[in-house]
Every structure is written in structure tokens, then in C-alpha cells.
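Visitor:
2 protein chains.
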Amino acid sequence: MFGGVIPNRPFRPQPATARDKLLEAAVRLVRAQGFSATSVDQLCLEAGVTKGAFFHHFPSKEQLGVAAAQYWSRSTGEFFASAPFHHEADPAVRVLGYIDLRIALISGPAESFSCVAGTMLQESFATSAAIRDACAASIGANARALEDDIAAALAARGLVEPRAVSLARHVQTVIQGAFVTAKALPPEAAAPAARESLGHLRRYVELLLSEEPSLAA
Amino acid sequence: MFGGVIPNRPFRPQPATARDKLLEAAVRLVRAQGFSATSVDQLCLEAGVTKGAFFHHFPSKEQLGVAAAQYWSRSTGEFFASAPFHHEADPAVRVLGYIDLRIALISGPAESFSCVAGTMLQESFATSAAIRDACAASIGANARALEDDIAAALAARGLVEPRAVSLARHVQTVIQGAFVTAKALPPEAAAPAARESLGHLRRYVELLLSEEPSLAA
DNA sequence: CCAAACATACCGACCGGTCGGTATGCGTCA
DNA sequence: TGACGCATACCGACCGGTCGGTATGTTTGG
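Sequences listed follow chains D and A, in order.
Position 94 of the first sequence, counting from 1, maps to 123 under our numbering, and the rest follow consecutively.
Position 128 of the second sequence, counting from 1, maps to 157 under our numbering, and the rest follow consecutively.
1. Straight-line CA distance for D/L196 to A/D177?
2. Closest Cβ-Cβ distance between A/S243 and chain D: below 9 Å?
3. Could you tell me if the beta carbon of A/E53 falls within a distance shorter than 8 Å of some heavy atom in the ligand ATP?
4. Is D/C144 helix, strand or coil when you go by DSSP?
5. By a C-beta neighbour count over all protein chains shown, 10 Å radius and 16 as the cutoff for buried, is D/S111 buried or exposed?
6. Are any of the Cβ atoms in chain A nearer than 9 Å to that of D/S195?
7. Say whether the stretch 200-211 of chain A touches the stretch 107-123 of chain A, bearing in mind that this needs 3 or more beta-carbon pairs closer than 8 Å, one atom from each stretch.
8. Under a Cβ-count criterion, where at least 16 other Cβ atoms within 10 Å of its own Cβ denotes burial, should D/K80 be classed as buried or exposed?
9. Looking at chain A, is there any beta carbon in it that lies within less than 9 Å of the beta carbon of D/T79?
10. Output yes if chain D places a C-beta closer than 9 Å to the C-beta of A/T148; else output no.
11. Whose Cβ in chain A lies nearer than 9 Å to the Cβ of D/I168?
12. Measure the C-alpha to C-alpha separation of A/P242 and A/A184 and round it to an integer number of angstroms.
13. Pull out every residue of the stretch 176-201 of chain A whose Cβ sits closer than 8 Å to any Cβ of chain D, in chain order.
14. Is there a C-beta anywhere in chain D that falls below 9 Å from the one on A/A96?
15. What is the rounded straight-line gap between the Cα of A/L74 and the Cα of A/A166?
16. In three-state DSSP terms, what is A/R131?
17. Within the continuous alpha helix (DSSP H) that includes A/E107, where are the two ends?
18. Can you give the beta carbon distance from D/F87 to D/A96, rounded, assuming they're within the 8 Å contact cut?
19. Only counting the same chain, and skipping five residues up and downstream in sequence, which positions put a Cβ closer than 6 Å to that of D/A246?
20. Could you give the first and the last residue of the continuous alpha helix (DSSP H) run that contains D/H85?
21. For a test of the three-state rule: what should DSSP assign to A/G187, helix, strand or coil?
22. Give the secondary structure of A/G33 by DSSP, where H, G and I count as helix, E and B as strand, and everything else as coil.
23. Near D/G106, what residues of its chain come up, given a Cβ to Cβ distance below 7 Å and the 5 sequence neighbours on each side ignored?
24. Kindly indicate which three-state DSSP category D/K212 falls into: helix, strand or coil?
25. Is the beta carbon of D/Y127 less than 9 Å from the beta carbon of D/L175?
26. Starting from A/A139, find everything on chain D with Cβ-Cβ shorter than 9 Å and list it in chain order.
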């Protein structure tokens, strides 16, 4: 890969402070068992810090959840922002390049490639507005990062339908869905199935962007 | 709608026994706040039964989760099995009819149209094999119910790619993803966004099944 | 020397689960 | 017919343990 990162979780800094260690632990545990099933004690154990350190850095478990979503959003956002597909001249190629990169990042068991924001969103959207908003911002940022390229690609084909914002959201929807249904399969089948769904998404985008303008009318 | 059912949650029987009341309460609460964030006491309160009744019918909270997934799978399965789109002659129309029905069922806030199996799967796949398997069976049954129609529609167009099993799974993936990303939006925007993503799925299936055989080669 | 960065000990509320007991319905046999 | 025996359905107080959170040190870097 590029930038010397670890495929599934880019931009993984050596966690130095107790705060960083807790955020890293939160990413691992939330992916594996969700947020509410993860206790503060468990987070401290996984991070190798004590409870005092936890509540020194975070006023509550909920605030750690918010911070974890932001940490996740920032590190993944930086990773995708620095990906080489942005240098492609054709916006359609950039869009497909993003999807190909997402496919390439999927490997191993489900908990190693699933999305922290999506997982937390699902269980916290009704119980914690702060966590919901942080997760929504993370997924929304991913969609927005795609929107301009999609808009340019659609415009280049003379298409007014679908709207770029809608298609960008759809891309994130399929990615999130792939993470969910992957968890229904045995570990060794999870990644291939998720990649296959993203393959369908890729084909859809390809069909849209290779469509003859006459067919779109 | 058909059969005199309630749109979002078909085949809702008048819950008579404490067991049924608990399963109905589980559907509501799990949709809203997930499984592990829902306590046994809360389930009893919502169902209007006592804790004694709970553990009379279920040996553990985990087993209630399994039963809730099966209850969900059975009631939704019966609903989709009895839907009128099955009477269409063209298998492609049946497939699109299924997607259209799924779109029609999406309304109101996210917790009123989201999937119990998908929600529980996400948080329990690593902590409870029994719940994971029950949820996986529910989603798998939905995919399998589509597979024959998809296979027939693809065969009628002379397509060997994609495989029917893969496309059937993809349909479920997009549906699950739509439920997740809907939760990132304010309640009034959730349903329209979810419908829009299923609209993209519908367009993809349409593009596939209306594709000229020459293009597929 | 003092704040920031931790560690330790502890709290009350709530968790899933247990247990002794009651109400009710049904088959059975004198 | 009716009273007995027994299973099912349900009740609610209670248990040990874990939960998120707090109070109070102790260490450490500037």
C-alpha cells in the first residue's frame, strides 16, 4: 500500500499517552462487540491503563465514544485524502479508484475491516445524540469527499440523474451494509462476501458512468 | 397494502401470552436501542409483565434474543412470501417487485423500519454465537427467497455474471446498509434517504436485467 | 514546587438471574 | 359430580456481581 500504512487501519500511530491507548482500545473493542457491550473496565484492561486514567481524560464513557468516533473519522479521513487515486485525471476513474481502494482494504475477519462509526451509530442513535452526531459526521464526511468527483463524472456524461449527493450517500450505504452482512458469515467467508458486494457497487457506478447519454434521457 | 397488515411490521398478531408480549417488546426496544443496551427489567416493563414471567418463558436474556430473531424472521418471511409480486410472470419483474415492496415499507423514523436481525447481528456476532446464527439465518432466508427469481431473470437474459447467489446477497446488503445510514440522519430525513438508496439498487438491477446480451459478453 | 498525568480504593445503582410461592385449568377416578 | 393431583403460567422479593462514576492519593516533568 501507499504511505507505509497497515491496510485495514491506516494511520495507526504508536499510541503513547493513555488517551491514545484508550482510543485505540475503543476501536478494537467496539468493532468486535459494540459500544454498550464494552465496559469501562474492559477498555482500561485492553488499553493497559487504569480507571483513574480513563476518567482523567474523558468525563464519561459517552464522551469517550464521541472522541473515538472523531478519532476514527480523522484517521480514516486523512488516509483516504492521501490516496493516489486523487491524481487521476478522469473523475469517473477517481470514483472507481475509491471503490477499488475500499475493496482492497477488506480482508481478514469482520472485526478487522468493519466501521467503528457505523457500529456505534446503530446502537447509539436513539440513546446518545452526541455519539450519533459524531458517527453521522464521520460517515457524512466520507460521502462528501466523494461528491465532487461523482458530480464531475456525471456532468461529463451529461447526466442529471442521479444526483451526486444521492449517489455518494449510496456508496457509503453499500459499504456499511457490506460490513453488516459480512458478520452473518463465518470469519473466512466474511471478507470475500463484502468485497463481492462492493464489486456490485463498482459495476453499478461503471454502468452509470459508461452509459450512453441517449439511454439516460 | 395487501392482507390488511400494518405496513412497517406485517403480521403483527394481538400479543396474548406473556411470551408474545415480550417478543413484541424486544422487537421495539432492540430496534430503538439495540440488544445489549436493553435490560431484562426494561423488556418486562415495556411488555407489561414481570420478571418471573420472563424467566418462565426464556432461560436467559440471550435465549430471548434468539427467540426474537426467529420471531422476526418468521413473521417477515411469511409477509414477503405472501406478497402479490410472486404472481408476476417475468422473473425480472418479480425481483423488481420485491425491491419496490421493500421501498414501500420504508416510512417514519429509522426505528420503525429497521431490521431487528441486522441490528442484533452487528452487536452480538462476536459475543453470542446463538444470536449471531439466528440473525444470520433470518437475513440468509431473505436472500434465498430471492435467489431463484434472480437466477431465472439472469438466465433469461443469457447472463452468467453476476451469480444469482451473489446478487441476492447484495440486495440484502444494500437494504441493511440503508438502515444503518438512515440512522445518521434526522428522523424526517431517514426514510427518504433509505428509499433513495434502494432506488439505486433498483436501478442497478434494472440495468443488469435490461442489458443487451452483447454488452454482457 | 506545582500542575498534569496517572493509580488505588471505593460507592451506589443497576444488571441478569434465582427462588419460594400463588392462581388457574385440566385430566382422572371414586 | 366433585375433589384430588399435577402441570403451566405467572408473581415479585431478593441475590451476587458488575456497571459507570468519584474521591483521594502518588508520581513525574518542567
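Every residue, glycine too, gets a C-beta built ideally from N, C-alpha and C.
Source: prediction; values computed, not measured.
Guide: Walking through what the data contain:
1. 29 Å
2. Bear in mind that the predicted position of A/S243 carries a pLDDT of just 41, short of 50, making it too unreliable to give a figure here.
3. In the structure shown, the ligand ATP is absent, as is every other ligand, since no ligand is present at all.
4. coil
5. exposed
6. yes
7. no
8. exposed
9. no
10. yes
11. V209, T210 and A213
12. Confidence at A/P242 is low in this model, with a pLDDT of 48, below 50, so the placement of that residue should be treated as unreliable; the coordinate-derived value is given next. Straight-line Cα distance between these residues: approximately 11 Å.
13. P191, S195, L196, R198, H199 and Q201
14. no
15. 29 Å
16. helix
17. K90 to A110
18. 7 Å
19. Because D/A246 carries a pLDDT of 36, less than 50, the predicted location of this residue cannot be relied on, and the following value inherits that uncertainty. So the list is empty, once near-sequence residues are dropped.
20. K80 to H86
21. coil
22. Below a pLDDT of 50, predicted positions are generally treated as unreliable, and A/G33, at 28, falls in that range; the measurement from the model is reported next regardless. Reduced to three states, the DSSP call for A/G33 is coil.
23. A170
24. coil
25. yes
26. F154 and A155
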